[in-house]
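First comes the structure, then the notes that go with it.
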Amino acid sequence: MLSKTQGIVINYVKYKESSIIAKIYTKEFGIQSYIENGVRSARAKNKIALFQPLTLLDLVIYHKKGKDIHRIAEIKCNHPFETIPYEIAKSSVAIFVTEILTKTLREETPNEQLFDFVEESILWLDGANKHFECFHIQFLLAMTAYLGFLPETVEEMEEELSLYGYPLTKGAKAGLQLLWGLEYGDAPRIDRHSRNEMVEILLHWYKIHLETFGEIKSLAVLKEILH
């Protein structure tokens, strides 16, 4: 059955000589896998660039309920990136966000509010001219609301974290209180050390609530790149 949907590329793996299997977060069907034959060949109709992480897509897909891997009938990018692939700081943030999405988007069911949040976040990052140093922290914090474990206050987070042996430092607590509920563009300037403490504590928060969350490999690079 042919269906139209929007999609956000999460990642892809090579399959056979010239094909890939792409994992795409779709607005209509949640997280899904799609096989694209011959995309890595020189004569491919659809270029591999369409399957780079976080690419925003318009899709027409063959979707069959209960099937593990689907096929794409039509595909096009609905927002070519202007800055994310070309600025090392933004591309590092994008890699981090992609890894977070890989570990948190598990359901093959639609969640339009979560999809819209992720899409709007990506668009904001691509369009930001400056002061996006806190973007990844705000993204982590805001996404907890869609995943079902947003604390009501910083104090509530602090209390629960302490039960698991993760103390909230003064710098991280002060920074989280500054960012609490703010839109991306409204974030104040926060020093690098406090930002690193905040992201570490938020990742602990995710680990507490998501059993299979694990380690975020891209964090070390992000800490080096964002000043």
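Counted the way full-length UniProt numbering counts, the sequence shown spans residues 1 to 227.
Note that CB positions come from ideal geometry on N, CA and C, so glycine has one too.
From residue i to residue j, what distance separates their C-alpha atoms?
i	j	result
Lys47	Leu114	28 Å
Thr55	Pro167	37 Å
residue 285	Tyr184	The structure shown does not extend to residue 285, since the chain is modelled only from 1 through 227, so no value can be given for it.
Tyr86	Leu161	37 Å
Thr102	Tyr12	11 Å
Ser18	Ile72	16 Å
Tyr25	Ile10	7 Å
Gly175	Lys64	46 Å
Phe29	Glu36	18 Å
Lys67	Val39	22 Å
Glu197	Leu2	47 Å
Lys170	Glu159	14 Å
Glu215	Leu222	14 Å
How about residue i: is its Cβ closer than 7 Å to a heavy atom in the ligand MG?
i	result
Lys103	Ligands in the displayed structure: none, and consequently the ligand MG is not present.
Can you check which of these residues, the options, is closest to residue i by C-alpha distance?
i	options	result
Ile122	Leu2, Ile72, Ser92 and Gly165	Ser92
Ser27	Asn37, Val60, Ser18 and Lys16	Note that residue 27 corresponds to Lys in the displayed sequence, not to Ser. The shortest Cα separation from Lys27 among Asn37, Val60, Ser18 and Lys16 belongs to Val60.
Asn111	Gln6, Ser218, Ala220 and Lys217	Gln6
His193	Glu160, His227, Pro167 and Phe213	His227
Phe117	Lys76, Val13 and Leu147	Leu147
His79	Trp124, Tyr206, Ser3 and Met1	Trp124
Tyr62	Ile75, Phe51 and Pro53	Ile75
Lys16	Ser41, Ile8 and Ile10	Ser41
Lys173	Val199, Phe149, Gly165 and Tyr164	Val199
Leu140	Ile35, Leu182 and Tyr34	Leu182
His136	Ala89, Phe213 and Ile8	Ala89
Glu120	Tyr34, Ile8, Leu163 and Leu2	Ile8
Phe81	Lys14, Asn37 and Ala94	Ala94
Gln138	His70, Arg195, Gln52 and His204	Arg195
Trp205	Gly165, Gly171, Ile69 and Ala128	Gly165
Ile208	Gln52, Asn129, Cys77 and Phe149	Phe149
Is residue i near residue j, with beta carbons less than 8 Å apart?
i	j	result
Glu108	Gln32	yes
Asp58	Ile84	no
Leu210	Thr104	yes
residue 229	Ala49	The chain is shown from 1 up to 227; residue 229 falls before or after that span and cannot be answered.
Leu179	Phe96	no
Pro151	Met143	no
Cys134	Ile190	yes
So, does the CB of residue i fall closer than 8 Å to a CB anywhere in chain B?
i	result
Phe132	Chain labels in this structure do not include chain B; a single protein chain is all it has.
Legend entry - Minimum length 4: unbroken alpha helix (DSSP H) runs contained in the stretch 50 to 99: none
Legend entry - Uninterrupted alpha helix (DSSP H) stretches inside the stretch 87 to 158 (no shorter than 4 residues): 88 to 104, 112 to 127 and 135 to 147
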